[in-house]
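Listed in order, the protein sequences are those of chains D and E.
Going by full-length UniProt numbering, 174 is the number at position 174 of the first sequence; the sequence numbering is gapless.
Going by full-length UniProt numbering, 219 is the number at position 219 of the second sequence; the sequence numbering is gapless.
Single-structure report; data block below.
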Amino acid sequence: MNARIRAVFDDAGVRGWLHAVALDDAASTVSLDADAVVPMASVYKLPLLAGFCRLVDDGELDPRAQLTLEPATRTPGPTGLSLLADPVTMSLRDLAVMMMTVSDNAAADALLTVVGLERLAELLESFGLQQTWVRRGTAANLLDLQRRTGLDDPDAALAVLADNNRATPTGVYEAANASASTPRDMTLLLRRLWAGELLSAAQTDFAKATMQRQIFQHRLGSGFPHDAIRVAGKTGTFGALRHEVGVVTLPAGDAYAVAIFTRTARVDSRQPRADAAIGLAAQLAVNELR
Amino acid sequence: MLTERHLQIFIALAEEQHFGDAARVVGITQPPLSQGLRRLEALVGAKLFERGSGGVELTPAGTALLPFARRALTSIEELHQAAVARDPEGPEIRLGLTPEVPVSAGAAVAAACSAALPGSRVTVVTAPTSSLVSQVSSGRLTLAVVLHPTVLDGLEAGPVQLLPTWALVPAGLASDPVAELKSLRGLPVAVRSRAEAPAARDLFLDTLAMHRPDGGTVVVTDERAGLAMAAAGQAIVMTADSSLAAPGVDRHLLAGDPLPTRLRLVWSQDRTPFPVDVVARLTEALVTP
């Protein structure tokens, strides 16, 4: 099986890391370099969601509390509040929905500030995640890239990463510098979340439903082209990183947590072959576990 | 035990005053550099550097010990050189070249290897990029020139070198010495198999399709076959090799050079660390006429 998954990654021109596990049988797994620590990109929004929901459960945060995000201080990004021109007032739980369904960078950074890096680190440890570090949000990630490329303009810095004619600046994809995790840790988080071990029933349902509503279907979803199969996921995209972690539920109710991290050789912003390879690798892994 | 690497780290940090730059000079990443420094400081029983705001600075102990480290490293290098000089065969450098490397550029890199690492014995093989990457990973090759972009899987890689690429077309197909890619119509472009380097090949094919939506491609085993097909009036060859020629085949530059041959050097840091200046010389050799 691993050779077939490896061949899918090779053919797409990506380096891939994968872990898949049946939710009702933790011993039933598919692993391909599943313990490698990889920068998470926007996948960090999943542990952030879990941490936020726990703080709601603990009564430390009011999910209905309103927050106003001013355009000048909002994190840029390709979707959601990041795109808007005027101040936006929203509840914390709605920010979480924006963060998870459209990978809204502005909403995520605002929520991360409310939750706090230290408080989140403690929560992730209490969840049993020993290889997951949320070190910073998207705004800080962009600042780091600007520093490494020596460019003040975030768009210009991102353009350096998207140039096939030059080498990527050193350290941009080093896990030690970024929010990072392993495929195995991400499936552990999903498995415990789905089992209701981390959150109240209400918050568990909220987290699952929100992940179910993610609009991006081109990665994990592309491997399961049938409406009877449900895919609840969170993607991550930064430079050459293409990730998705999620839970695939088959019509009979059996479900599988899958975490796939990839780094592409090409650096173009649109890479449909890499996206499809994530779907195909997930399909191979789930079929192996069925 | 004090090692050559400790001395290299000490001297590089003293000269660069920056962890990242020193790591690049030594040819390692930052974590092993920091670890090596801690070990060295434990071994000599003194703190050698202070971390400042912008970088690192020698402590008085570091300043006092630096000349001894320089002398020790020089002696070790002399030992290596003496050993190489005595070994009639010298250390072996196994160089791999992807078939897209122009004949003369491959020769120039091999010659540069020999010059940069005196006394070494250079052997050369040609193999597709995907095969070269796995051979360097497994240690069967010391270093290789591969197509970029490709999945590197933990290997070290030098800068990306762009080689201008010409179109070799049947005589009369195009009139302008600098041809628009979209004007080269009616014939397929000869390409090597996709599996040899999927990412680089897809980038080539996607770029070709953007400029030239029709005409298609034909898979050939090598440039020799492609050139023969061009001579037979059956195909267009894209090559970075300035010496590839045949009667009845014209050579055109492509306007804007849309399909450069992207090459870079790869090696395994664990097996054979190459100093940056050697990498730079070898990379430079790829484009030196």
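Beta carbons are placed, not taken as given, at the ideal position from N, Cα and C, and that holds for glycine.
### Message
Counting only Cβ-Cβ distances shorter than 7 angstroms, please list the residues of the segment 194-208 of chain E near chain D, keeping chain order.
### Response
P198, A199, D202 and L203
### Query
Name the DSSP bridge partner or partners of D:S31?
Within the first sequence, residue 31 of chain D is the residue found at index 31, counting from 1. BP columns for D:S31 point to D:H19.
### Query
Considering only residues of the same chain and omitting the five flanking positions on each side of E:V103, which have a CB-CB separation below 7 angstroms?
Reading the second sequence from its first residue, position 103 is the one you call residue 103 of chain E. Counting only Cβ-Cβ distances below 7 angstroms, and skipping sequence neighbours, we find D241 and S243.
### Task
Could you check if D:T113 is buried or exposed, using at least 16 other CB atoms within 10 Å of its CB as the buried criterion?
Indexing the first sequence from 1 puts residue 113 of chain D at position 113. Exposed: under 16 other Cβ atoms inside 10 Å.
### Same chain, Cβ closer than 6 angstroms to E:A285, neighbours up to 5 away in sequence not counted
What you label residue 285 of chain E is simply residue 285 of the second sequence in a count that begins at 1. Correct list, in chain order: A108, V109 and A112.
### Proximity test, Cβ basis, 7 angstroms: D:D144 and chain E
Looking up residue 144 of chain D in the first sequence gives position 144. It does not; no Cβ of chain E falls within 7 angstroms.
### Query
Can you give the Cα-Cα distance for E:L208 and D:M40, rounded to whole angstroms?
Position 208 of the second sequence, counted from the first residue, corresponds to residue 208 of chain E. Position 40 of the first sequence, counted from the first residue, corresponds to residue 40 of chain D. E:L208 and D:M40: Cα-Cα distance of roughly 33 angstroms.
### Query
Count the other CB atoms within 10 Å of the CB of D:N287; is the residue buried (16 or more) or exposed (fewer)?
By 1-based counting over the first sequence, the position of residue 287 of chain D is 287. The residue in question, D:N287, is exposed, as its Cβ has fewer than 16 Cβ neighbours within 10 Å.
### Amino acids of chain B, ordered along the chain, whose beta-carbon sits closer than 7 angstroms to that of E:T150
Absent from the structure: chain B. Protein chains present are D and E.
### Element boundaries [alpha helix (DSSP H), containing D:G236]
Residue mapping note: residue 236 of chain D aligns to position 236 of the first sequence, counting from 1. Per DSSP, D:G236 belongs to no alpha helix (DSSP H); it is in the beta strand (DSSP E), R230 to F238.
### Message
If the criterion is Cβ atoms closer than 7 angstroms, does the pair E:T150 and E:T129 meet it?
### Response
On the second sequence, residue 150 of chain E is found 150 positions in, with the first residue counted as 1. On the second sequence, residue 129 of chain E is found 129 positions in, with the first residue counted as 1. For E:T150 and E:T129, yes; Cβs fall inside 7 angstroms.
#### Entry: Proximity winner among E:W166, E:H211 and E:A22, relative to E:E223 (alpha-carbon distances)
Stepping through the second sequence from its first residue, residue 223 of chain E is reached at position 223. The candidate whose alpha carbon is nearest that of E:E223 is E:W166.
### Message
I'd like to know whether the C-beta of E:P159 is nearer than 7 angstroms to at least one C-beta of chain D.
### Response
One-based indexing of the second sequence puts residue 159 of chain E at position 159. At least one chain D Cβ lies under 7 angstroms of E:P159.
### Message
For a quick check, are the C-beta atoms of residue 307 of chain D and D:T132 less than 7 angstroms apart?
### Response
Only positions 1 to 290 of chain D appear in the structure, and residue 307 of chain D is not among them; the question remains open.
### Message
By the DSSP assignment, the alpha helix (DSSP H) with E:H6 in it spans what residues?
### Response
One-based indexing of the second sequence puts residue 6 of chain E at position 6. Per DSSP, E:H6 belongs to the alpha helix (DSSP H) from E4 to E16.
### Message
Measuring only the C-alpha atoms, how far is D:R147 from D:N105?
### Response
In the first sequence, residue 147 of chain D corresponds to position 147, counting from 1. In the first sequence, residue 105 of chain D corresponds to position 105, counting from 1. Roughly 20 angstroms separates the two Cα atoms.
### Buried or exposed by the 16-neighbour rule on C-beta atoms within 10 Å, applied to E:G52
Numbered from 1 along the second sequence, position 52 holds the residue referred to as residue 52 of chain E. That one is exposed.
### Task
Check E:D214 in the structure and name its three-state DSSP category.
Position 214 of the second sequence holds residue 214 of chain E. Of the three classes helix, strand and coil, the one that applies to E:D214 here is coil, per DSSP.
### Task
Check each candidate in D:Q217, D:L124 and D:A257 and name the one with the smallest Cα separation from D:A277.
Along the first sequence, read from residue 1 onward, the residue named residue 277 of chain D stands at position 277. For D:A277, the nearest C-alpha among the options comes from D:Q217.
### Message
Can you pull out the residues from the segment 166-194 of chain D whose beta carbon lies closer than 9 angstroms to at least one beta carbon of chain E?
### Response
R166, A167, T170, G171, E174 and A176
### Query
Taking the runs of the alpha helix (DSSP H) that are 4 residues or longer, which of them lie wholly in the segment 151-175 of chain D?
154-161
### Query
With distances taken from CA atoms, which of E:P31, E:G226, E:A199 and E:T63 is nearest D:D10?
Taking the first sequence and counting its residues from 1, one reaches residue 10 of chain D at position 10. Cα-wise, what sits closest to D:D10 is E:A199.
### Task
Mind the definition here: the segment 173-181 of chain E touches the segment 214-229 of chain E only if three or more C-beta pairs lie below 8 angstroms; say whether that holds.
no
### Message
Would D:R191 and D:H19 be called neighbours here (beta carbons separated by less than 7 angstroms)?
### Response
On the first sequence, position 191 is the one that residue 191 of chain D refers to. On the first sequence, position 19 is the one that residue 19 of chain D refers to. Their beta carbons are not under 7 angstroms apart, which means D:R191 does not touch D:H19 by this criterion.
#### Entry: Reference E:V160, options E:V145, E:P258 and E:L254, closest by Cα
Within the second sequence, numbered from 1, the residue matching residue 160 of chain E stands at position 160. Out of E:V145, E:P258 and E:L254, E:V145 has the C-alpha closest to the C-alpha of E:V160.
### Query
Quick one: is E:D153 near chain D, going by C-beta distance under 7 angstroms?
Counted from its first residue, the second sequence places residue 153 of chain E at position 153. True, the Cβ-Cβ gap to chain D drops below 7 angstroms.
### Task
Could you say which of E:S137, E:T239 and E:L132 lies nearest to E:E196 if we only look at CA atoms?
Taking the second sequence and counting its residues from 1, the one referred to as residue 196 of chain E is at position 196. With distances taken between Cα atoms, E:E196 lies closest to E:L132.
### Task
Compile a chain-ordered list of the residues in the segment 239-268 of chain E whose CB is closer than 8 angstroms to at least one CB of chain D.
P260, R262 and R264
### Task
In the DSSP assignment, find the unbroken beta strand (DSSP E) run with D:I215 in it and report its ends.
Sequence index remark: in the first sequence, residue 215 of chain D carries index 215 (1-based). Element bounds for D:I215: n/a, residue is neither H nor E.
### Query
Quick one: Cα of E:V276 to Cα of E:F68, how far?
In the second sequence, residue 276 of chain E corresponds to position 276, counting from 1. In the second sequence, residue 68 of chain E corresponds to position 68, counting from 1. Answer to the nearest angstrom: the Cα atoms are 24 angstroms apart.
### Query
Within this structure, are the beta carbons of D:C53 and D:L199 separated by less than 7 angstroms?
As a position in the first sequence, residue 53 of chain D is number 53, starting the count at 1. As a position in the first sequence, residue 199 of chain D is number 199, starting the count at 1. Cβ distance < 7 angstroms, so D:C53 and D:L199 count as in contact.
### Task
Could you tell me whether the segment 225-236 of chain D touches the segment 153-163 of chain D, where touching means 3 or more Cβ pairs closer than 8 angstroms?
no
### Message
Threshold first: 4 residues or longer. Then list the alpha helix (DSSP H) segments lying entirely within the segment 71-146 of chain D, N to C.
### Response
92-101, 105-115 and 117-126
### Task
Buried or exposed for D:P47, please, with buried defined as at least 16 other CB atoms from any protein chain shown within 10 angstroms of its CB.
The residue you call residue 47 of chain D lines up with position 47 of the first sequence. By the 10 Å Cβ count, D:P47 comes out buried.
### Task
Check whether the Cβ of E:L286 lies closer than 7 angstroms to any Cβ atom in chain D.
Position 286 of the second sequence, counted from the start, is the residue given in the question as residue 286 of chain E. No, no contact with chain D.
### Task
Determine the burial state of E:P118: buried for a count of at least 16 other Cβ atoms within 10 Å of its Cβ, exposed for fewer.
Start at 1 with the first residue of the second sequence, and residue 118 of chain E comes out as number 118. By the neighbour-count rule (16 or more Cβ atoms within 10 Å), E:P118 is not buried but exposed.
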